[in-house]
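Heads up: the structure comes next, in C-alpha cells.
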Amino acid sequence: MAQCKVSIIMPVYNVSRYLRGCLDSIASQTMKEIELIVVNDGSTDDSLSILKEYEAQYPEWIHVYTTENRGVSHARNYGIERASGEYLLFVDSDDFVEPEICEKLYEKAARDDNDVVICRYNDVYENADSEMLTVKQGKAFEIVIGRNFNIHETKFELTHISPFPWDKLYRRNLFETIRFPEKLRFEDLAIMYCLMTKAKSIGVIEDRLYNYRRASEGSFLSNFSEGTLDIVTSLRLFLKQMKEQGNYEEFKEEVEYICTRHLLVRYDAIFDTATKGKLDIKKEMIDNCVDFFHEYFPKWRENRYLLYTASGASRKKMRKYTSRGKMIRSATLCEYTPVFVTSILRKKKKIQGKIKKKWKKFSKSKNKFRFIYNRIPGIKLLHLPNDVKYTMFYEKLAVNDNDVLFESKHGDDIAGNIFMMLQAMGDDKYRDFHIMVTLKEGNISSYSALLTRYGIDYVDIITTDSKEYLKVLATAKYLITDTSFPPYYIKRPEQVYLNTWHGTPLKAMGRIVPKREYALGNVQRNFYLADYLLYQNKFSRDIFVEDYMLAPLFQGKVMLSGYPRNSAFFNTERYEAIRSELGVQDMQVMAYMPTWRGLLNKKENKKQVSELMNYFYELDMLLRDDQILYVKLHPFVKSEVNYDDFTHIVSFPEEYETYDFLNATDLLITDYSSIMFDYAVSKKKIILFTYDREEYLNDRGMYLDLNELEFPIADTVEQLVKEIKKNSTYPKFHEEFCSLDSADTAEEVCETLFLKKEPNFSLEPIERENKKKVLILISGLRNNATSEQLMERINELDTDRYDIFLCAKASTIRKATSVLSKLRDEINYIPLMFDVNYTIKDRLACVKSFKFGYSSKRTEGLIRQLAERERVKYFGTINFDIVINLSSLDKILFHMCKSFDGVKIFNMKSFEYKKYTQNKEYCKFMDYFLNRLDGYDYVTGTKQILKLNQAVFEQNQVKHLIDDEPKLELPELLKEVDR
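One point on numbering: in UniProt numbering, the residue at position 415 of the sequence shown is 415, and numbering is uninterrupted.
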C-alpha cells in the first residue's frame, strides 16, 4: 500500500446493528491512501465476527485489534499508538461518513498546511418503529469563519468549535503529548479545546461529511445517569491541561463560557420529567456543579458570551440556577410532582406566554379596534375580501364577448405596450368593443388627463381592486397585461389572455435569480395561463421559456412581433412636434433613465438619491446651454429629487407618454435598464453611465456582459461628458434585438388579437419534445440534508423520457430557496402562491370537514369543486401523465391531486402504524386521507400500511406498492406505474 495519509480510528463496542453501515461507508472512500484501525473494546455481540469479515475482505488497509472492555478512551488511545497516517480521523461505529470525507479533509489540510480541518455534520434520527432515518443539518456548533485561522488570533472561534472528536481531521503529531482520559465519560471535553489551542492553523470546509446518529439505543448523551457526574471531572481536567499549556489566562473568558454552557445543558436534564427516579444523582450533580462554579468561575453569569448569545429561553431558565438550595428544592418538587400535573402546568405556562405575547402586540398596535376586529374567527368572510368576491363573480357570471380589460403594472401605469395598443384601438373597426383600463385610485386623475390629451376618449377607467374591477376580470373576453394578474385570477376557457411583459430582460429572471428561486410563482402561473406571450425578439422568448420553465407546459402561442410601444420610434412627425411644443428644436435633447437600485425589502432610496444629486450637480456645470437632460426615475425615488437648482437638468414632462417623448430625444443615458433594447430601435446614441458597476453587479446576475455590447460606458461624469460629444453606432445589437420592431406592430397585434387577422409576424407555439409529464408535490423544503437528498433523488430521474415538475407552496420553500438551485436545469419546478379562492359555502364545508370531521355528500361535493377550481387556477387546462403526492398533507392539495386526469399516486412511506394506534390526533389526521383515497390509483408505503384494514384500499380501488425502503425510490416508481 502507498504511504498512508489518513488513519481512521474506530472504537467498537456492541454495535452489530449499525456496524456494517459504518464499515461500508468507510470502504466507499474515494481516497485510497487510508488505513482503518478498529479497536474492538471487548464486544459481547456479533461485532467481532463482522469486523473479521471486513478485515478478511480488505486485509491491506483494515486492521482489527481486540482488547478487554476498558472504554472508548482507551480504544482511541490504543488506535492512536498504532496509527501510521499523516493525519487522524475518529469515527464512532454507530455513525457513518460520506465517501469524500477523507479526500476533502486531507486535500484541504495538505493545500493549506492545516493542523486541524473541521467539517460540518448531519444529525441522523431513527424511527424505532419503522427504522426510517431522518437526516437533519447539525446546527449545535457552527464555525463563523470560512477561512484558515489561528485560534490565538480569533479567540471567539473557540466557543464555536464542537467538543466532538469525529468532525475533524488532526495532524497526528498533535497527539504526541495528549491522550483521551480513560475511565471517564465526556472524555472529549477534557482534550478537544486543548488540541485547538495547540494547532497553528485550523481550516474549515462547508461540506457535511459526517453523519452523527442521535438517540440510538444506549446513547449516553440521551440519558441521565451516574456517568453524567463525570462532566465536572472532565472539565477540571480541561482547565488543568489549559494551565499546563500556558493558555488558561489567554482564553479564560472563552473557557468559562464553554464550561458554563456544558453544565447548563445538564442542568436542563435535572428538571426533565423523563429523568425521574434519580433524585440522589441529581442532588450530587447540583452540589458538584455549584462547587465547580464557586471554585473557578464565581461570576459566570457576567460572562459576555453568555450575556450576548444565550437565547431568551436560556435566560429564563437561568433564574432557577440562582442558589444550591433553590435548585435542590426545585429538583425535589419535580421528582414528586405527578407527570400529568407537570404537563398541565406546562400547558398553562405556554398559554400564559401566548397571551403575554399577544398582549404585547396589542399594546403596541396603533389601531386597537382594527387589531381585535381582524382577529375575530371568520371575519374575513363577513367583509368579503377580493378573492371571495372575485370567485363569486367567476362562479355566477358569464363572459362578455366584447369586453376588453387592459392592465399595466398592476394599475400603477398606462404606458408602453398598453398605451400604444389603446391608441391603436381608436380605429372604427374596434367600435363594437367595450374597452376598459384599470388604474389605482391615486393614479386615475393624472392618467385620465393623459388619455384625454392623446384623444383616447373611448376607454373607460375602472379602479384597481374595486368591485367593478373584480367583476370585469372575471367576465371580460379579452385580458391584456404587461406584468401579471392577481394570484386569485382564474382563467376561463372563453377568455383570451395576452401577456406582453414590460421589457426585454437584461438582469437575471426566474429560476436563476439568487436567493429568489421561490418567488416566480404568480408570474410563472400567468405565463402558463396566457393564450399569447408577446416578445420583442427571440432573445427574450428563449430566456422566458427557459428560466420560467415554460416549454413543457405552455399551451398557447408566442408572438414574435417586436414591441407595440416601439412603434413610437418610427413616428417622425411626433419628433418635430414635441420638440417644437417644448421649445427645444435647436438643442441636443437627452434622456436619462437609470434602473432602480434597491430591493422591495431593502429600498436604499436615500442612498441612490444622494449619489444622483452629487452627479447631477457635477454634470449640470459641464453641460452646454444648447444641451438639456430630461430625467425619469423610478416612482420610489423620483419625488425626492428637486430639479430647481439645475440649469440643464429637468424632470420628464408629464404631459407626454414615455415612449412618445423618447422619440423626440437625440440620445439616451441609462445603466442596467432594459430601456436600451427599446431605444435602440431608433438607432440613436446610447451611453451606459455605470458609476456603481462593481457594487451593483456583485449580487445580480446579467444575461449580457455590458463590456461586450457596442455602447460606450462611462463610470464618471467626466467620462460621460466626453462620450456625449462622440458618435457611436451599434449595428450588431440592433440586428439581434430590434429587427422585428416596426411602425405597424401595435396595429398588427391588435388586429391579430381582436379581429383574428392573419399576422405578418411569427405566431407559433413553443417547440417541445414529446415526453410524459410528471408532477411531484412536496410539503416544502428546509435547509437540511433531507431536502438536499431529495434534490439528489429527483436529479436522478430520467429527463430523456419525462418532463419533471417539482411543486410546493412558495411559503414552504422560501427559507430554503437556494436548495432549488441544486436541481438540474432539466428538472422544472412550480412554486404555488397558495391562497385558496374560497366562497362562503366552500369555507364552511372545509371547516366542518377538516376541523370537525363532519362528512356528507354535499360537503364532499363542495370540497371536490373547490379543489378542481384551484387546479384550474394554477394549471388551467394543463394536465400531467403522472401525479405523485410525495409528501404534502395539505388537504386542499390532497384533493387537487385527485382532480388531474393522469395516474395519481399517494405516498405513505412515512406512515407509522404504532403512532397511528397510540396517538388519537395522528389517527384522526391520517384517517381523513385514508377514507378519501378514491381518485388515487396507487398508494406507496412500507409494510406498515399492510397492518391497516385493507378494506380502505379495496373500496377505493387503490393498488399497493410496498417495499422495505424507508424512502420512495422515484425511478423505480415511475417504471412501475408507466409500463
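From the three backbone atoms N, C-alpha and C, an ideal C-beta is built for every residue, glycine too.
A quick note: this is a predicted structure, and the numbers were derived from the prediction, not measured.
query: Apart from the five residues on each side of it in sequence, which residues of its chain come closer than 6 Å, Cβ to Cβ, to ILE804?
result: Here residue 804 is taken as the residue at index 804 of the sequence shown, counted from 1. These residues qualify, in order along the chain: VAL774, LEU797 and ILE827.
message: In whole angstroms, give me the CA-to-CA distance for ASN400 and LYS491.
response: Working through the sequence shown from its first residue, we reach residue 400 at position 400. Working through the sequence shown from its first residue, we reach residue 491 at position 491. The straight-line gap from Cα to Cα measures roughly 14 Å.
- prompt: ASN400 by DSSP, collapsed to three states: which one?
  reply: Position 400 of the sequence shown, counted from the start, is the residue given in the question as residue 400. ASN400 falls in the strand class under three-state DSSP.
query: Skipping 5 residues on each side, what residues in its chain have a beta carbon closer than 7 Å to that of TYR575?
result: Here residue 575 refers to the residue found at position 575 of the sequence shown. Only ASN663 and ALA664 meet the Cβ criterion.
- prompt: So what does GLN57 bridge to, in DSSP terms?
  reply: In the sequence shown, residue 57 corresponds to position 57, counting from 1. GLN57 pairs with nothing; no bridge assigned.
message: Tell me which residues share the same chain as PHE292 and place their Cβ nearer than 6 Å to its Cβ, disregarding the 5 neighbours each side in the sequence.
response: Sequence index remark: in the sequence shown, residue 292 carries index 292 (1-based). Within the same chain, VAL232 come within 6 Å of PHE292 by CB-CB distance, once the 5 residues on both sides are set aside.
query: Excluding sequence positions up to five away, which residues of its chain have a Cβ less than 6 Å from the Cβ of ASP678?
result: To locate residue 678, count along the sequence shown from 1; it is residue 678. Closer than 6 Å at the Cβ level, and outside the excluded window around ASP678, lie ASN566.
task: Give the single residue among TYR696, VAL116 and LYS683 whose Cα lies nearest to the Cα of GLU735.
output: Residue numbering aside, residue 735 sits at position 735 when the sequence shown is read from its first letter. Checking every option, the nearest Cα to that of GLU735 belongs to LYS683.
- prompt: Taking Cβ positions, are ASP660 and ALA591 nearer each other than 7 Å?
  reply: In the sequence shown, residue 660 corresponds to position 660, counting from 1. In the sequence shown, residue 591 corresponds to position 591, counting from 1. Against a cut-off of 7 Å, the Cβ pair of ALA591 and ASP660 comes out as no contact.
Cβ-based neighbour list, GLN944, same chain, cut-off 7 Å, excluding 5 preceding and 5 following: By 1-based counting over the sequence shown, the position of residue 944 is 944. Result list for GLN944: SER130, PHE911, GLU912 and TYR913, in chain order.
message: So, under 8 Å CB-CB, LEU195 and LEU89 are touching, yes? Tell me the CB distance rounded to an integer number of Å.
response: Within the sequence shown, numbered from 1, the residue matching residue 195 stands at position 195. Within the sequence shown, numbered from 1, the residue matching residue 89 stands at position 89. 14 Å between Cβ atoms; not a contact.
task: Please confirm if the segment 147-162 is in contact with the segment 229-246, defined as three or more CB-CB distances below 8 Å between the two stretches.
output: no
task: Measure the C-alpha to C-alpha separation of ILE713 and ASN707 and round it to an integer number of angstroms.
output: Taking the sequence shown and counting its residues from 1, the one referred to as residue 713 is at position 713. Taking the sequence shown and counting its residues from 1, the one referred to as residue 707 is at position 707. Whole-angstrom Cα-Cα distance: 8 Å.
- prompt: From this set, ASP432, LYS364 and VAL459, which residue's C-alpha is nearest MET421's C-alpha?
  reply: Counting from 1 along the sequence shown, the entry for residue 421 is found at position 421. Closest option to MET421, Cα to Cα, is VAL459.
query: Terminal residues of the continuous beta strand (DSSP E) containing ASN663?
result: Here residue 663 refers to the residue found at position 663 when the sequence shown is read from its first residue. Looking at the DSSP string, ASN663 is not in any beta strand (DSSP E), and its letter there is neither H nor E.
field: Those residues which DSSP pairs with LYS200 across a bridge
entry: Counting from one through the sequence shown, the residue named residue 200 turns up at place 200. None; LYS200 has no bridge partner.
- prompt: Whole-angstrom Cβ separation of TYR78 and TYR87, contact assumed at under 8 Å?
  reply: Counted from its first residue, the sequence shown places residue 78 at position 78. Counted from its first residue, the sequence shown places residue 87 at position 87. Wrong, their Cβ atoms sit about 18 Å apart, outside the cutoff.
Three-state class that DSSP yields for residue 981 in the structure shown: What is shown of the chain runs 1 to 979, which leaves residue 981 out entirely.
message: So, at 6 Å on beta carbons, what are the nonlocal neighbours of ASN148 in its own chain, with the 5 sequence-adjacent residues on each side left out?
response: As a position in the sequence shown, residue 148 is number 148, starting the count at 1. If we look at ASN148 and ignore the five residues flanking it on each side, its Cβ neighbours are ASP112, SER201 and GLY203.
CYS923 burial status per 10 Å Cβ neighbour count (16 or more: buried): Position 923 of the sequence shown, counted from the start, is the residue given in the question as residue 923. The residue in question, CYS923, is exposed, as its Cβ has fewer than 16 Cβ neighbours within 10 Å.
- prompt: Taking C-alpha atoms, which residue in LYS756, LEU832 and THR752 lies nearest to ILE776?
  reply: The residue given as residue 776 occupies position 776 in the sequence shown. Comparing Cα-Cα distances from ILE776 to each of LYS756, LEU832 and THR752, the minimum goes to LEU832.
message: Does CYS807 come out as helix, strand or coil in the three-state DSSP assignment?
response: The residue labelled residue 807 in the question sits at position 807 within the sequence shown. Three-state result, CYS807: strand.
task: State buried or exposed for MET509, treating a residue as buried only when at least 16 other CB atoms are found within 10 Å of its CB.
output: Here residue 509 refers to the residue found at position 509 when the sequence shown is read from its first residue. Under this definition MET509 is a buried residue.
- prompt: Does the segment 158-169 come close enough to the segment 47-55 to have 3 or more Cβ pairs within less than 8 Å?
  reply: no
- prompt: Just checking, does the segment 630-650 make contact with the segment 552-563 on the three C-beta pairs under 8 Å criterion?
  reply: The answer is no - the segment 552-563 does not touch the segment 630-650, with fewer than three Cβ pairs under 8 Å.
field: Under 7 Å between C-beta atoms of CYS897 and LYS891
entry: For the purposes of this step, residue 897 is identified with residue 897 of the sequence shown, where counting begins at 1. For the purposes of this step, residue 891 is identified with residue 891 of the sequence shown, where counting begins at 1. Not a contact, by the Cβ cut-off of 7 Å.
field: Proximity winner among PRO493, ILE578, ASP46 and LEU688, relative to ALA398 (alpha-carbon distances)
entry: Translated into the one-based positions of the sequence shown, residue 398 becomes position 398. Among PRO493, ILE578, ASP46 and LEU688, the Cα nearest to that of ALA398 is on PRO493.
task: Could you tell me the boundaries of the beta strand (DSSP E) in which THR134 lies?
output: What you label residue 134 is simply residue 134 of the sequence shown in a count that begins at 1. Counting along the chain, the beta strand (DSSP E) containing THR134 begins and ends at 133-137.
- prompt: Within 10 angstroms of its Cβ, does VAL631 collect 16 or more other Cβ (buried), or is it exposed?
  reply: Against the sequence shown, residue 631 aligns to sequence position 631. That one is buried.
- prompt: Which runs of the alpha helix (DSSP H), 4 residues or longer, sit entirely within the segment 250-292?
  reply: 252-270
field: N-terminal and C-terminal residue of the beta strand (DSSP E) that ASP41 is part of
entry: Taking the sequence shown and counting its residues from 1, one reaches residue 41 at position 41. Segment 34-41, the beta strand (DSSP E) holding ASP41.
message: If contact is defined by three or more beta carbon pairs under 8 Å, each pair taking one atom from either stretch, is the segment 925-932 in contact with the segment 864-878?
response: No: the two stretches stay apart, fewer than three of their Cβ pairs being nearer than 8 Å.
- request: With DSSP as the reference, label GLY583 as helix, strand or coil.
  value: Here residue 583 corresponds to residue number 583 of the sequence shown, with the count starting at 1. Coil, per DSSP.
- prompt: How big is the Cα-Cα spacing for LYS947 and CYS846?
  reply: In the sequence shown, counting from the first residue as 1, residue 947 sits at position 947. In the sequence shown, counting from the first residue as 1, residue 846 sits at position 846. Linking LYS947 to CYS846 through their CA atoms gives a straight-line distance of about 30 Å.
message: Whole angstroms are fine: how far does the CA of PHE393 sit from the CA of ILE461?
response: On the sequence shown, residue 461 is found 461 positions in, with the first residue counted as 1. On the sequence shown, residue 393 is found 393 positions in, with the first residue counted as 1. Cα to Cα, ILE461 sits roughly 20 Å from PHE393.
task: Count the C-beta pairs between the segment 20-28 and the segment 89-99 that are closer than 8 Å, then say yes if the count reaches three, no if not.
output: Yes: the two stretches touch, three or more of their Cβ pairs being nearer than 8 Å.
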